[in-house]
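Terminal number for the sequence shown in the numbering used here: 568, no gaps in between. Written out below as structure tokens is the structure these notes cover.
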Amino acid sequence: MKKYLNPHEIYPPTGQFTQAIKVTGGSLVFVSGLVGYEPDMTIAKGDIVRQAEVAYENLRKVMEAAGGSLADVVKVTIYIGEDFQLRRDELREVRGRYFADRFPVSTLIQVAGFASHDYLFELEAVAVLP
Numbered sequence: 439m440k441k442y443l444n445p446h447e448i449y450p451p452t453g454q455f456t457q458a459i460k461v462t463g464g465s466l467v468f469v470s471g472l473v474g475y476e477p478d479m480t481i482a483k484g485d486i487v488r489q490a491e492v493a494y495e496n497l498r499k500v501m502e503a504a505g506g507s508l509a510d511v512v513k514v515t516i517y518i519g520e521d522f523q524l525r526r527d528e529l530r531e532v533r534g535r536y537f538a539d540r541f542p543v544s545t546l547i548q549v550a551g552f553a554s555h556d557y558l559f560e561l562e563a564v565a566v567l568p
């Protein structure tokens, strides 16, 4: 069971995330960093937004393989290689397509570089299956 916590005693979420999630029971799924690789191992063509779409789609597929769905994700860490402020609205729109009802606990980190110079976006996740 998951309980979403946004205590009134602290500042409200400034974006699409929840301050905390209390989990009781269930099985944990830890998802390694996912990037915008297409199934044929080519990186998604375009920009950071397209890579984000493919990475979220990859997360959806991983969750299905684990026997769950994106609704089971409780924590997401996002790494981007460019200034979030420049693409904030577009990236939030993409995220909103995948986490429409309840947003997971989230951290966003702007990085100086990735394992490949072709990467612009990466995410990792933790999920709890009932």
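Ideal Cβ placement from N, Cα and C applies to all residues, glycine included.
- prompt: Along the chain, where does the alpha helix (DSSP H) that runs through Tyr-475 open and close?
  reply: Here Tyr-475 belongs to no alpha helix (DSSP H), and DSSP marks it neither H nor E.
Boundaries of the alpha helix (DSSP H) in which Val-487 is found, first to last residue: 486-503
message: Quick check on this structure: which residue in Glu-531, Gly-519, Val-511 has the alpha carbon closest to the alpha carbon of Thr-456?
response: Val-511
query: Do Glu-528 and Ser-470 have their C-beta atoms closer together than 9 Å?
result: no
query: In three-state DSSP terms, what is Val-549?
result: coil
message: Nearest by alpha-carbon distance to Ile-459: which of Lys-441, Gly-484, Val-564 is it?
response: Lys-441
Buried versus exposed call for Leu-558 [16 or more other C-beta atoms within 10 Å across all chains shown]: buried
field: Range covered by the alpha helix (DSSP H) that runs through Leu-417
entry: Outside the shown range of the chain, which is 439 to 568, sits residue 417, and nothing can be said about it.
query: So which of Arg-540, Val-566, Val-564, Glu-560 has the shortest CA-CA distance to Tyr-494?
result: Glu-560
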